[in-house]
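Scroll down for the structure; my scribbles are underneath it.
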DNA sequence: GTTCATGCAAATCGTTTGCACAATG
DNA sequence: CATTGTGCAAACGATTTGCATGAAC
């Protein structure tokens, strides 16, 4: 079996993650990658995803489904999760650092970051 | 071995979770419960924790460590997570429903809830 | 021939579940 | 005797890891 060129392979994974805003899981990447690389092993997908994370090219995010999700949008932003269909969407409302100042005013903590997730129904699901 | 009275056992778990604000894991509950009930199985702890969750007496929360945490504070509140020691603390800053209105103004989503976590260093860890 | 990423399978970790049994009523 | 919660161990799903192999240089 021909060895896969290192950068080709990892680049394909990066392209895949970049191609969607659906915050895919390793399994989704694996399933899609198999169309191009039928012999790929899921362990290899995990390894390369973790390398991309450690290189800062993608981010790993955990939601409430005990499955890692990956996001090529590495900037600070908030998320919406549909409680019915499970869709995870980026939100365009501005990241608000003043929330961190508020916490620092009320506590002794040094705040570096925060995360804000909204739960509800997406356009489709709220109609049914 | 004498059968454990249903409410005694489950109540002990509830008491344990109520006794701390540290957002304990099932394993922590298990380890502490064994002092009083040395023969308890961890599966039983999980079963009872899940029953307490479904009864609305405690909440299950996932953070970034792929382990379920339980919280007897069932009211809406925000969390702080220390990036160094892993401590999870409740925050006293008010829950702000206007954040949900902001999202509804900018999107087509129907928002039911939100979650806000702050990351940084706790009083102890920020000194070292 | 050394390096390095792969496929594969086994291992690991947290959690859930099937089952036989003992206690309750 | 029907019900219910338990201990135990097996099962499970997501992720990681050890190892032999084959490609690249």
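Chains as they are written, first to last, in this note's numbering: chain A, 1 to 128; chain B, 129 to 256. Don't be surprised by glycine CBs; every beta carbon is placed ideally from N, CA and C.
Check, Outcome
"Under the rule that 16 or more other beta-carbon atoms within 10 Å means buried, what is residue 213/B, buried or exposed?", "exposed"
"What separation, rounded to the nearest whole angstrom, lies between the Cα atoms of residue 52/A and residue 128/A?", "39 Å"
"Let me check understanding here. Comparing Cα to Cα, which of 203/B, 204/B, 171/B and 215/B lies closest to residue 191/B?", "215/B"
"For residue 211/B, return the contacting residues in chain A, with the cut-off set at a CB-CB distance below 8 Å.", "112"
"Assuming contact is defined by CB atoms lying nearer than 9 Å, are residue 205/B and residue 153/B in contact in what I supplied?", "no"
"Which residue or residues does DSSP assign as beta-bridge partners of residue 140/B?", "In the DSSP output, where bridge partners are listed per residue, residue 140/B has none listed."
"Mapping DSSP to helix, strand and coil, what is residue 19/A?", "coil"
"Going along chain A in order, which residues have a C-beta closer than 8 Å to the C-beta of residue 221/B?", "102, 103 and 106"
"Pull up the CB-CB distance for residue 199/B and residue 189/B, whole angstroms please, since I reckon it's below 8 Å.", "6 Å"
"Just the Cα atoms here: how many angstroms apart are residue 16/A and residue 29/A?", "7 Å"
"Cβ of residue 21/A less than 9 Å from any chain B Cβ?", "no"
"At which residue ranges does the stretch 54-117 of chain A contain complete alpha helix (DSSP H) runs of 4 or more residues, listed in the order of the chain?", "98-106"
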